[in-house]
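Trainee: Residue numbers (this note's numbering): 5 to 256. Have a look at this one.
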């Protein structure tokens with residue numbers, strides 16, 4: 005089995021991704037930023053897989069932290085087979101471009117675009133050496149066409165740039181048997197980020213065409229499929245996982 009580096013996997017959308025990779029028998033290195041208590045809770049909940057799980061504190065907007073993270077991951081479990089760029093800051097307050105502070109803008113660009121650049125620089129050499137790799141970035145619904153997203157200018161700009169980077173890496177690294185894809189979650193809110201699909205089936209949702217809210221497991225299942233060895237024909241793809249909801253139009 006392989007080694008997955010999953011950023012921000014102790015809470016939110018990354019929590020189910022970590023669990024699914026562990027259940028599949030993979031080693032996992034994951035990170036937390038400001039909540040060590042949540043990281044400890046996750047380790048306790050996944051104690052059955054403690055020999056496969058390594059957790060690091062890291063700020064993915066910091067280049068030095070990223071370098072330290074990858075070095076530690078490789079030291080624990082060897083080369084990185086799967087890079088899941090789950091971490092990415094988001095400003096929940098709805099505000100127009102002119103209302104963003106410089107710090108907010110730079111934090112969103114650094115965390116959602118520059119961090120991917122640094123992580124790719126650190127991990128692709130390991131993937132090239134083993135002639136195998138799977139890279140997953142996160143976007144937003146419709147990111148492939150770079151739509152304007154009112155009140156989300158910085159986040160949308162970063163993720164739209166990441167679409168191009170995702171596709172470029174797919175072209176550049178194909179001969180090394182490395183794939184690069186993007187998964188775009190729909191409106192997965194609150195506790196549903198860490199919930200299972202079975203839980204969501206007991207929560208009817210009229211706003212989502214399929215009739216239930218999206219969950220972290222929906223995202224995890226999609227990522228695990230794209231990371232399969234036999235999914236190598238899927239690269240440079242941007243996959244919406246939204247349950248048919250138009251996130252941008254509905255939540256303006």
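Where is the CB? At the ideal position from N, CA and C, for every residue including glycine.
When burial is assigned at 16 or more other CB atoms within 10 Å of the CB, is residue 208 buried or exposed?
Mentor: Exposed, since its Cβ has fewer than 16 Cβ neighbours within 10 Å.
Trainee: Just the Cα atoms here: how many angstroms apart are residue 201 and residue 45?
Mentor: Rounded to whole angstroms, residue 201 to residue 45 spans 21 Å at the Cα level.
Trainee: Along the chain, where does the beta strand (DSSP E) that runs through residue 168 open and close?
Mentor: From DSSP, residue 168 is part of no beta strand (DSSP E) but of the alpha helix (DSSP H) over 157-177.
Trainee: How is residue 252 classed by DSSP in three states: helix, strand or coil?
Mentor: Of the three classes helix, strand and coil, the one that applies to residue 252 here is helix, per DSSP.
Trainee: Just list the beta strand (DSSP E) runs in the stretch 72-124, keeping only unbroken ones of 3 residues or longer that don't cross its boundaries, in chain order.
Mentor: Counting only runs of 3 or more, we get 86-89.
Trainee: Quick check on the DSSP output: what are the complete beta strand (DSSP E) runs of length 3 or more inside the stretch 179-205, in order along the chain?
Mentor: As far as the stretch 179-205 is concerned, its whole beta strand (DSSP E) runs of at least 3 residues are 182-189.
Trainee: Quick one: what's got a C-beta closer than 7 Å to residue 126's C-beta in the same chain, skipping five residues either side?
Mentor: Excluding positions up to five away in sequence, the list reads 70, 71, 74.
Trainee: Grab me the residues of residue 15's own chain with a C-beta within less than 6 Å of its C-beta, minus the 5 sequence neighbours each way, in chain order.
Mentor: Only 42 meet the Cβ criterion.
Trainee: Can you give the beta carbon distance from residue 230 to residue 25, rounded, assuming they're within the 8 Å contact cut?
Mentor: About 12 Å separates the two Cβ atoms, so there is no contact after all.
Trainee: Any contact between the stretch 242-255 and the stretch 185-192? By contact I mean 3 or more CB pairs, one from each, below 8 Å.
Mentor: Verdict: yes, contact present.
Trainee: Less than 6 Å between C-beta atoms, sequence neighbours within five positions excluded: which residues of the same chain meet that for residue 218?
Mentor: For residue 218, where only same-chain residues beyond five positions count, the Cβ hits under 6 Å are 190, 192, 247.
Trainee: Ignore the nearest five residues each way along the sequence and tell me which others in residue 222's own chain have a CB closer than 7 Å to its CB.
Mentor: Around residue 222: 201, 245.
Trainee: For residue 107 and residue 114, I'd like the C-alpha separation in whole angstroms.
Mentor: Approximately 10 Å between the Cα atoms of the pair.
Trainee: Counting beta carbon pairs with one atom in the stretch 95-110 and one in the stretch 130-145, are three or more of them shorter than 8 Å?
Mentor: Judged by Cβ distances under 8 Å, the stretch 130-145 makes no contact with the stretch 95-110, as fewer than three pairs qualify.
Trainee: Applying the 10 Å Cβ sphere with the 16-neighbour rule, what's the burial state of residue 214?
Mentor: Per the 10 Å Cβ criterion, exposed.
Trainee: So residue 19 and residue 220 are in contact, right, with Cβ under 8 Å, and what is the actual spacing, rounded?
Mentor: Sure, about 6 Å apart at Cβ, within 8 Å.
Trainee: Quick one: measure Cβ to Cβ for residue 155 and residue 99, integer angstroms, because I've assumed they're closer than 8 Å.
Mentor: Yes, residue 155 and residue 99 are in contact; Cβ-Cβ is about 6 Å, under 8 Å.
Trainee: For the beta strand (DSSP E) holding residue 137, just list the boundary residues, first then last.
Mentor: Counting along the chain, the beta strand (DSSP E) containing residue 137 begins and ends at 137-142.
Trainee: If you follow the beta strand (DSSP E) that residue 60 is part of, which residue opens it and which one closes it?
Mentor: First-last of the beta strand (DSSP E) with residue 60: 57-61.
Trainee: Under the rule that 16 or more other beta-carbon atoms within 10 Å means buried, what is residue 29, buried or exposed?
Mentor: The residue is exposed, with fewer than 16 neighbouring Cβ atoms inside 10 Å.
Trainee: Can you check whether the CB of residue 131 is closer than 8 Å to the CB of residue 78?
Mentor: Not in contact: residue 78 and residue 131 (Cβ atoms no closer than 8 Å).
Trainee: Assuming residue 8 is part of the beta strand (DSSP E), what are its boundary residues?
Mentor: Taken as a continuous stretch (DSSP letters only), the beta strand (DSSP E) holding residue 8 covers 7-10.
Trainee: Give the DSSP-derived three-state secondary structure of residue 33 in the structure shown.
Mentor: Strand.
Trainee: Are residue 143 and residue 163 close, meaning C-beta to C-beta below 8 Å?
Mentor: It is a contact, given that the beta carbons lie within the stated cut-off.
Trainee: Using C-beta distances below 7 Å, list every residue in its chain close to residue 123, excluding the 5 sequence neighbours before and after it, in chain order.
Mentor: Excluding residues within five positions, the ones whose Cβ falls inside 7 Å are 70, 87, 89.
Trainee: Mapping the DSSP letters down to three states, classify residue 222 as helix, strand or coil.
Mentor: The answer is helix: DSSP assigns residue 222 an H, G or I state.
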